[in-house]
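Chains as they are written, first to last, in full-length UniProt numbering: chain W, 1 to 275; chain U, 1 to 543.
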């Protein structure tokens, strides 16, 4: 790979992601104040002592933003990666094995999708203990139904191609067909979906936090911060917009990088054009 | 009288986007000139990439996907259509110049009735009124020999056959009484027995309506039946331009001579064909609960020799290959491999069974994973069947590449970086890697240009000599059968019409179908089509 061939947009995306990751990893060292430390009046304006002002309890917004990056990125990323692993594995299995396996998996998936995601999540999270890994798992499982749909549609198309038939005739097992024959050719649409799903995961996490079932206060996360400060908007306090903007920028950065990867994989000499 | 179409010094460019480096312009067509009078037919011939379709479309002042006409003149009836405004060009297209595409199935809108689509362009241009247009459509359906001309227009595209669809498209082109029609490989996708009907229809229609035509094809034998003049193209340049008779009988250029004398491959038929490697014994097969596709099929593949299975599409020849590979277990009947019954379905077969029967596909493009390098493609069967790794595997891959006459640099390329012929060679090497005793070849040359196809056939015969491998060669091309087969089986509607040694199957007395099949193969001489028609007329008159 040549560095020169990476477009500017991808560099911007990577820089944004690197910054967010840097904040997440080194939060205790770079944050000017503590995560839960009340340092001033409520909703103090930007500039001066507090670069982004303070929040509804008088905590430093910048510090909370930096700490919030930790949970937000970790949970959203873990949930998305997990949902893709699960969705891709199951959907490809369904597409390759067909028959009863396909029927059972697909109908079960339909069943899951028939229940509104948010309500499903609320019920499940209300019943299960409030742990981070349970939250990640629930988000991943619910999201994987969407990945399953896409993955199966893509894989069914590829599974009927001659090179897959050739692999079957050679006597290859399902694992080889799924991971070596189909996956490399399905990567383009899956990557595109990944960018989108990650953004959704951040938003979904925010929604859950907003409803009180996501990240528990006083721990900071970007969605929760929007909720905490939403009342300020009425009084012209922009505190809620800052974490909102952070979510938007993160989503855009992820998608810039994914777009570039997308171009790379689809223009790979081998390209099945991305149509 | 001035010529109808006068193309002078045509030059067509396109922009290429190489992997590294800035976009650059490449010339697709360079300095091509020809004239075409009213009622005359010019055949444009060449292999794929020769620029023949691009030239054809330039007669409509159209450049496909990023292609620009950068020089020369296309003078149609006294006006240079390249200088017309977009509005002026629109008046020419579909009214004065019409186009017949290769794949009629893809060119018709499946949601509309044929009749409405056929008259659409003429109505849009206001050439005819709706009643007149439908009346003329009926007349043209009749001229083109379509069944029930009165009601044909009421049907939808999926309700008629491929050959009929192609003729309907010709009717569409002829409807506004254009001065010129561009035929872009109108019969390439059809079976020989259907092709001949379409050729007859096109020829008759051209004579009746006295329109001029550009006929684009890669099949010299086909163009010989239709065209008055022929232009041979290669790499966007004119190789030779002359009358059909001159091109066929006294070609001046080496390249033209190669085209005319193609199919030099000639294999002597093996004397003893009784030793069966694979025996197909009264096999019946169908898909799910559909109709019977294979009906009591029996034949055998002689050991170390080639069995060619011929038939048109729908004859069940590809289904037979699926039965042999185990993808479709037969309903009844047995398959014996070396006199032992072969398990019917794929999962029941041992790895050794699978190794001994390999397959080569028609489309090498889709038969190889586009994301694997040639090294991975060839290396997998080596690891899978023989457990080869490292040095040993690399050496064997190089050996295979040498065998298929590809050089050193190929191992680390992707399939998309190879030409069609090279891809098919790699597919052959992949089959060879398994050291099989039988290779099923499903139309391996039908997607290739004649000269390239010839190379593949030569390679296959050479490999048979070296490794004693047997082939089942599925094809619809009689010339290929003549070239490489030892045994021949003719299939029609799921049944074996004829089976035996080549010399016996391809010589009289014939049954009706084999007779029709053999007579439908265009021969490379002027007047062949007329002869066939004459014979047919006499036969039907005599009855």
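We treat Cβ as the ideally placed atom computed from N, Cα and C, and that holds for glycine.
Of all residues in the stretch 421–433 of chain U, only 430 place a beta-carbon less than 8 Å from a beta-carbon of chain W. Residue 351(U) sits in a helix when the DSSP states are folded into three classes. Rounded to whole angstroms, the separation of the alpha carbons of residue 4(U) and residue 186(U) is 22 Å. In the pairwise beta carbon analysis, the stretch 192–199 of chain W is classified as not touching the stretch 113–131 of chain W: fewer than three pairs are separated by under 8 Å.
Separation of the CB atoms of residue 162(U) and residue 189(U) is rounded to 7 Å, and the pair is thereby assigned contact status at 8 Å. By the C-beta density criterion, residue 154(U) is exposed, having fewer than 16 other C-beta atoms within 10 angstroms. The residues 54, 55, 56, 57, 58, in chain order, have a CB closer than 8 Å to that of residue 42(W) in the same chain once the five nearest residues on each side in sequence are set aside. Excluding residues up to 5 positions away in sequence, 140 lie with their Cβ nearer than 6 Å to the Cβ of residue 82(W) in the same chain. Residue contact check for residue 161(W) against chain U: a CB pair falls below 8 Å.
At a cut-off of 8 Å between beta carbons, residue 369(U) contacts chain W. Per the DSSP secondary-structure output, residue 285(U) pairs in a beta bridge with 294(U).
Residue 152(W) and residue 124(W) have their C-alpha atoms some 26 Å from each other.
In the DSSP annotation of this structure, residue 130(W) is not part of any beta strand (DSSP E), being labelled neither H nor E. Ranked by how close their Cα comes to the Cα of residue 25(W), the residues 71(W), 11(W), 50(W), 62(W) have 71(W) in first place. Using a Cβ-Cβ cut-off of 7 Å, residue 171(W) is close to 351, 354 of chain U, given in chain order. Exposed is the label assigned to residue 338(U), since fewer than 16 other Cβ atoms lie within 10 Å of its Cβ. The DSSP-derived three-state label of residue 96(U) is coil.
For residue 448(U), not one C-beta of chain W is nearer than 8 Å to its own C-beta. The continuous beta strand (DSSP E) containing residue 442(U) extends over residues 438–442. The beta carbon of residue 48(U) is closer than 8 Å to those of 218, 420, 449 in its chain, skipping five residues each way along the sequence.
Burial state of residue 312(U) is buried, judged by a 10 Å Cβ sphere holding 16 or more other Cβ atoms. Looking from the CA of residue 40(U), the closest CA among 171(U), 133(U), 135(U), 180(U) belongs to 180(U).
The beta carbon of residue 346(U) falls within 8 Å of a beta carbon belonging to chain W, placing the residue at that interface. In chain order, 170 make up the part of chain W whose C-beta sits under 8 Å from the C-beta of residue 381(U).
Distance from residue 462(U) to residue 269(U) at the Cβ level is roughly 17 Å; contact not present, criterion being Cβ atoms closer than 8 Å. Counting only Cβ-Cβ distances below 8 Å, residue 384(U) has contacts in chain W at 170, 171, 172, in chain order.
For residue 337(U), the enclosing beta strand (DSSP E) has its first and last residue at 332–337. Pairing residue 82(U) with residue 214(U) gives a Cβ-Cβ distance that is not under 8 Å. When the alpha-carbon of residue 98(U) is set against those of 183(U), 505(U), 116(U), the nearest one is in 183(U). With a cutoff of 8 Å on beta-carbon distance, residue 77(W) and residue 198(W) are scored as near each other. Boundaries of the alpha helix (DSSP H) around residue 393(U): 390–403. In chain order, 31, 32, 33, 71, 72, 73 place their CB closer than 8 Å to the CB of residue 9(U), counting only its own chain and leaving out the 5 sequence neighbours on each side. In this structure, residue 160(U) keeps its C-beta atom at 8 Å or more from the C-beta atom of residue 476(U). Here the alpha carbon of residue 259(W) sits roughly 10 Å from the alpha carbon of residue 188(W). Comparing C-alpha distances from residue 492(U) to each of 364(U), 109(U), 320(U), 439(U) shows the shortest one belongs to 320(U).
Looking at 93(W), 246(W), 212(W), the one whose alpha-carbon comes closest to that of residue 175(W) is 93(W).
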